[in-house]
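Accompanying notes for the structure given below.
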Amino acid sequence: MTYEQALEYIHTRNKYGIKLGLDRMRALLEIFNHPQLTYPSIHIAGTNGKGSTTAMVSVVLREAGYKVGRFTSPHLSSYCERLSINGVNIKPERLASLVTDVQPILDKAALDPRIGHPTEFEVGAVLAFKYFAEEKVDLAIFEVGMGGRLDATNVITPLVCGITHIALDHQEFLGSDLVSIAKEKAGIIKADCPVVVGVQAQEVREVMQATAATLKSPLYSVGKEIRYEVIREDLTGTELELRWEEEPPFLLKLNLLGEHQAANAAVAFGLLQVIKRRGFPWKKNDLEKGFSEIYWPGRMEYLPGPPSIIMDGAHNLDGMSVLARGLRRLFPGKEIQAVVGILDNRPVEAIALLLSSILGSDLRKVYATTVPDPKSASCDRVARAFRDLGVETVEVEDALTALNTAECKMKVGELLVVTGSLYLLGYLRPYILKRRL
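In the working numbering, the protein residues as written are 14 to 450.
Here you go:
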C-alpha cells in the first residue's frame, strides 16, 4: 500500500461518521493484543488548548531524555503530524506500512456485528497505539479528539490526566451547556489517577471536584496548587512565572504568543510535576529549554511582513475571543484585514459578532471564503454575517484566491489575520510559508 492509498483508506472511514463509545475500540485493541498497555501514558482533554498543552509536556520530557510519543488531532497540512515521536512526525512510508498491517484486521472485525466499522478517528487511534508500541516509547501523550468519556482514546489508564479550559463546543454531541460538556470531559478521570485541571468557570470546577472526589483521584487545579503570572508578552513570546504548591517559582520564557498559552503552560507544568512524582524526573533546565523552543504552528503564529500575518485556528467562540483579545494586546491600534473561513456546524454569526465587537474599527476588511472541506459554511453566509455588522466584506469563494487578493490589497503597516478553521490554515499555510523562503 502506498502512502496515498493509506490516506484514502483512513479518510474513507469518514463515511461512518462520529460514533462515540468505547466498546468497539476495546474489542479492536484486544484483537491487536492491547498495544496501549505496553507503555505509560498521559491523557489530555479540554475544549481549547489541549494540543498546545500536549506539545509543551512532550517537548520538556524529550529534553529530559525520554522517548515520547504524541497523538494529536486535527492536523494542519499532513496526516503524519498526528503521530509523532520526540517531535518528529511519522514518515509517510511508515504510516503506509502500518495501515497495510491493520487494514485486513479492521475489515474483518467490521464484519462482526458486535464491532462494526471503525470511524476515521478510531482508525487513527489504533494506528497511534500500535506505532508507539512498536517504537517502544518511554511514554505517550494522547490528546482527546472530542469530549472525553466516550472518546476513542479513553481506553487508557494514564499516569495522570489533564483537562484544559472548557467552553461551549460540539454541543450537538456533548450537550448544550457547560455543565453537560464538563461532565463529558471529566469522563477521562480514572479512579486513584491524579488529574490536573486548568482555568475554569465555577460550574465546571464543581463538576471536576465532584468527579475527582467520587473516584478518589488527587486533584490539582490552576489557581490553587498551580499558580501562574504573566510577566510580559510581546511578539517574541511570553514571559511567565510558574509555581507548584509551596515550591520556589520558575521564571520562564514560552515561545508561544498570548496570555492563554500561559494558562496552558500552567496545566502542562502541573502534569510535569505529577509525573515527576510518578517516576519520570526532569530538571529545571529541561523545562526552560523545552518551553523556550516549543513550536506549535497555527496557534497565533506570527510571520513578520510584509505583510505581517497572524495565523490562528480559532474555530469556536472561546477560541475567537482569545484570538481577538490577543490581537488587541499585541497589536494595539493596528488596522487588520482578515481572511475568514468557518465550518458550517459552527456559530458563524456569533463568531463574526465576537470578532468585530472586540476589534471594532481596527477590523478594516474581511475576505469571506470557504474552507476546503465539504463541511464548510458558504462564503455568502460568512460574508453576510460580517456585512450585517457593518464590516466591509468581500466574498472570495476560493481560499487561495482570497489570500492572494488580501495580500495585494494590504496597506503598509496593516496586519493580515487568517482564521476561522484549522482546516483553512492547513490549506493556506504552506503557500504562506513558501512565499517567505
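Built from N, CA and C at the ideal position, the CB exists for glycine as well.
Going by Cα to Cα distance, which pick from ARG442, ILE445 and TYR436 is closest to PRO87? Walking along the sequence shown from the start, residue 87 turns up at place 74. The candidate whose alpha carbon is nearest that of PRO87 is TYR436.
In angstroms, rounded to a whole number, what distance separates the CA positions of THR383 and ILE288? Position 370 of the sequence shown, counting from 1, holds the residue named residue 383. Position 275 of the sequence shown, counting from 1, holds the residue named residue 288. Going by the C-alpha atoms only, they are around 43 Å apart.
With 16 other Cβ atoms within 10 Å as the buried cut-off, status of ASN27: The residue you call residue 27 lines up with position 14 of the sequence shown. The C-beta of ASN27 has fewer than 16 other C-beta atoms within 10 Å across all chains shown, which makes the residue exposed.
Simplified DSSP assignment, three categories, for VAL70: Here residue 70 is taken as the residue at index 57 of the sequence shown, counted from 1. Annotated three-state conformation of VAL70 is helix, per DSSP.
Once the 5 residues before and after GLY188 are set aside, which same chain residues still bring their CB inside 8 Å of it? Taking the first residue of the sequence shown as position 1, residue 188 is located at position 175. Within the same chain, ILE194, LYS196 and GLU197 come within 8 Å of GLY188 by CB-CB distance, once the 5 residues on both sides are set aside.
So, do the region 275-295 and the region 57-77 have three or more beta carbon pairs nearer to each other than 8 Å? Judged by Cβ distances under 8 Å, the region 275-295 makes contact with the region 57-77, as three or more pairs qualify.
Length of the line joining the Cα atoms of ILE44 and LEU429: By 1-based counting over the sequence shown, the position of residue 44 is 31. By 1-based counting over the sequence shown, the position of residue 429 is 416. Distance from the CA atom of ILE44 to the CA atom of LEU429, rounded to whole angstroms, is 50 Å.
Between which residues of its own chain and LEU140 is the CB-CB distance below 6 Å, once the five residues before and five after are set aside? Numbered from its first residue, the sequence shown carries residue 140 at position 127. Within its own chain, the residues whose Cβ lies closer than 6 Å to the Cβ of LEU140, once the five positions on either side in sequence are excluded, are LEU111, listed in chain order.
Can you name, in chain order, every residue of its own chain whose Cβ lies under 7 Å from the Cβ of LYS447, other than the five neighbours on each side? In the sequence shown, residue 447 corresponds to position 434, counting from 1. Closer than 7 Å at Cβ, skipping near neighbours: no residue.
For LEU108, the nearest candidate out of ASN99, MET423, SER91 and ASP120 (CA to CA): Position 95 of the sequence shown holds residue 108. Comparing C-alpha distances from LEU108 to each of ASN99, MET423, SER91 and ASP120 shows the shortest one belongs to SER91.
Got a sec, what are the start and stop residues for the beta strand (DSSP E) GLU21 sits in? Here residue 21 refers to the residue found at position 8 when the sequence shown is read from its first residue. Run containing GLU21: none in the beta strand (DSSP E); it sits in the alpha helix (DSSP H), 16-25.
Could you check whether VAL115 and TYR52 sit closer than 8 Å to each other, using their CB atoms as the reference points? Indexing the sequence shown from 1 puts residue 52 at position 39. Indexing the sequence shown from 1 puts residue 115 at position 102. Against a cut-off of 8 Å, the Cβ pair of VAL115 and TYR52 comes out as no contact.
Using 10 angstroms around the beta-carbon of SER374, count the other beta-carbons present and answer buried if the total reaches 16, otherwise exposed. For the purposes of this step, residue 374 is identified with residue 361 of the sequence shown, where counting begins at 1. With fewer than 16 other Cβ atoms inside 10 Å of its own Cβ, SER374 counts as exposed.
So ASP299 is in the alpha helix (DSSP H); what residue range does that whole segment cover? By one-based count along the sequence shown, residue 299 stands at place 286. DSSP places ASP299 inside the alpha helix (DSSP H), whose first and last residues are 297-306.
Other residues of its chain near PHE344: CB distance less than 7 Å, five sequence neighbours each side excluded: The sequence position of residue 344 within the sequence shown is 331, counting from 1. If the five residues before and after PHE344 are omitted, its C-beta is found closer than 7 Å to the C-beta atoms of LEU428, all from its own chain and listed in chain order.
The region 288-298 touching the region 385-405, judged by at least three CB pairs closer than 8 Å: Taking 8 Å as the limit for Cβ pairs, the verdict is that the region 385-405 does not touch the region 288-298.
Tell me the rounded alpha-carbon separation between SER334 and VAL212. Taking the sequence shown and counting its residues from 1, the one referred to as residue 334 is at position 321. Taking the sequence shown and counting its residues from 1, the one referred to as residue 212 is at position 199. Looking at the two C-alpha atoms, the distance is approximately 15 Å.
Taking Cβ positions only, does PHE84 come closer than 8 Å to chain C? In the structure shown, chain C does not exist; there is a single protein chain.
For ALA153 and GLU260, what's the separation of their Cα atoms in angstroms? Within the sequence shown, numbered from 1, the residue matching residue 153 stands at position 140. Within the sequence shown, numbered from 1, the residue matching residue 260 stands at position 247. Each residue's Cα considered, the two are about 27 Å apart.
Could you pull the start and end residues of the beta strand (DSSP E) that GLY318 belongs to? For the purposes of this step, residue 318 is taken as residue 305 along the sequence shown, with counting starting at 1. For GLY318, no beta strand (DSSP E) segment is defined, and its DSSP state is neither H nor E.
Who does GLY82 pair with in a DSSP beta bridge? Numbered from its first residue, the sequence shown carries residue 82 at position 69. DSSP, once it has assigned bridges, lists ILE98 and ALA153 as partnering GLY82.
Please look up how many angstroms separate the CB atoms of GLY59 and THR177, rounded, as I've assumed it's under 8 Å. Along the sequence shown, read from residue 1 onward, the residue named residue 59 stands at position 46. Along the sequence shown, read from residue 1 onward, the residue named residue 177 stands at position 164. Yes, they are in contact, since the Cβ atoms of GLY59 and THR177 sit about 3 Å apart, within 8 Å.
Using 8 Å for Cβ pairs, my map puts ARG442 next to PRO310. What's the rounded Cβ distance? Looking up residue 442 in the sequence shown gives position 429. Looking up residue 310 in the sequence shown gives position 297. Sure, about 7 Å apart at Cβ, within 8 Å.
CB MET324 to CB LEU438, shorter than 8 Å? To locate residue 324, count along the sequence shown from 1; it is residue 311. To locate residue 438, count along the sequence shown from 1; it is residue 425. Cβ atoms of MET324 and LEU438: closer than 8 Å.
Backbone CA spacing between LYS32 and GLY78 [nearest angstrom]: Along the sequence shown, read from residue 1 onward, the residue named residue 32 stands at position 19. Along the sequence shown, read from residue 1 onward, the residue named residue 78 stands at position 65. Going by the C-alpha atoms only, they are around 38 Å apart.
Give me the residue from ASP357, SER54, GLY161 and HIS328 with the minimum Cα distance to LEU368. One-based indexing of the sequence shown puts residue 368 at position 355. Just measuring C-alpha positions, the residue of ASP357, SER54, GLY161 and HIS328 sitting nearest LEU368 is HIS328.
List the endpoints of the continuous alpha helix (DSSP H) containing LYS378. Counting from one through the sequence shown, the residue named residue 378 turns up at place 365. Counting along the chain, no alpha helix (DSSP H) covers LYS378; the unbroken beta strand (DSSP E) around it starts and ends at 376-381.
Specify, as a first and last residue, the run of the beta strand (DSSP E) that LEU264 falls within. Translated into positions along the sequence shown, residue 264 becomes position 251. First-last of the beta strand (DSSP E) with LEU264: 263-267.
If distances are taken between C-alpha atoms only, which option among VAL352, ASP357 and MET313 comes closest to ARG342? As a working mapping, residue 342 is identified with position 329 in the sequence shown. Each of VAL352, ASP357 and MET313 was checked against the Cα of ARG342, and the nearest Cα belongs to MET313.
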